[in-house]
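Trainee:
In the working numbering, the protein residues as written are 19 to 175.
1. Do you know offhand how far residue 113's Cα is from residue 169's?
2. Excluding five sequence neighbours on each side, which residues of the same chain lie with their C-beta closer than 6 Å to the C-beta of residue 24?
3. What residue range does the alpha helix (DSSP H) around residue 56 cover?
4. Is the beta carbon of residue 74 closer than 8 Å to that of residue 111?
5. Nearest to residue 37 by alpha carbon, out of 79, 131, 134 and 106?
6. So, is the C-beta of residue 51 closer than 8 Å to a C-beta in chain B?
7. Report the start-end ranges of each beta strand (DSSP E) in the region 72 to 99 that is 3 residues or longer and not cut off at the edges.
8. For the region 154 to 171 against the region 115 to 122, do three or more pairs of beta-carbon atoms, one drawn from each stretch, fall closer than 8 Å, so that the two count as touching?
9. Report the partner residues of residue 175 according to the DSSP bridge assignment.
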């Protein structure tokens with residue numbers, strides 16, 4: 019069984035839009051580049067033709083990648099969680115109790131996760147620990163440096 023790829027609905031829509039663009043507009047542009055490069059004559063020493071073929075290869079590779087993402091996509095939503103719980107798709111603010119610092123996170127699908135930008139998924143230890151928590155709760159997260167304690171300050175749906 020293939021691995022499911024968790025995405026928010028917005029990201030899935032963006033991937034579908036990019037896929038459609040690549041299959042239509044961009045594919046036509048690359049085909050035109052190839053046609054023009056062929057017209058320059060001898061293909062064995064034709065840098066424009068080589069570049070157009072490379073571009074075509076990149077295009078087909080990205081199309082295949084996007085098709086696989088769309089095929090395996092599972093839209094994450096907070097429907098199985100109460101409105102006052104941390105759930106996929108929500109934004110939430112936590113306070114690191116040791117450092118006394120607040121940070122905001124966006125709970126996203128695994129394909130979109132970028133912890134440095136505050137985008138986490140349920141595949142990270144932090145995301146797993148936060149899932150289903152309510153404002154006011156203290157959460158312990160197992161980190162490489164040891165256990166870190168956070169307090170959920172606010173949940174934005």
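We put the beta carbon where it would ideally sit given N, CA and C, even for glycine.
Mentor: On the basis of the data shown:
1. Looking up residue 113 in the chain shown gives position 95. Looking up residue 169 in the chain shown gives position 151. Those two C-alpha atoms are separated by around 5 Å.
2. The count along the chain shown starts at 1 and reaches residue 24 at position 6. Closer than 6 Å at Cβ, skipping near neighbours: 92, 94, 127 and 128.
3. Position 38 of the chain shown, counted from the start, is the residue given in the question as residue 56. For residue 56, the enclosing alpha helix (DSSP H) stretches over residues 45 to 56.
4. Here residue 111 refers to the residue found at position 93 when the chain shown is read from its first residue. Here residue 74 refers to the residue found at position 56 when the chain shown is read from its first residue. In terms of Cβ geometry, residue 111 and residue 74 do not form a close pair [threshold 8 Å].
5. Taking the first residue of the chain shown as 1, we reach residue 37 at position 19. Of the listed residues, the one whose Cα sits closest to residue 37 is 79.
6. The structure shown has no chain B; it contains just one protein chain.
7. Counting only unbroken stretches of 3 or more residues, the beta strand (DSSP E) elements lying wholly within the region 72 to 99 are 91 to 93, in sequence order.
8. The answer is yes - the region 115 to 122 touches the region 154 to 171, with three or more Cβ pairs under 8 Å.
9. Walking along the chain shown from the start, residue 175 turns up at place 157. DSSP lists no partner for residue 175.
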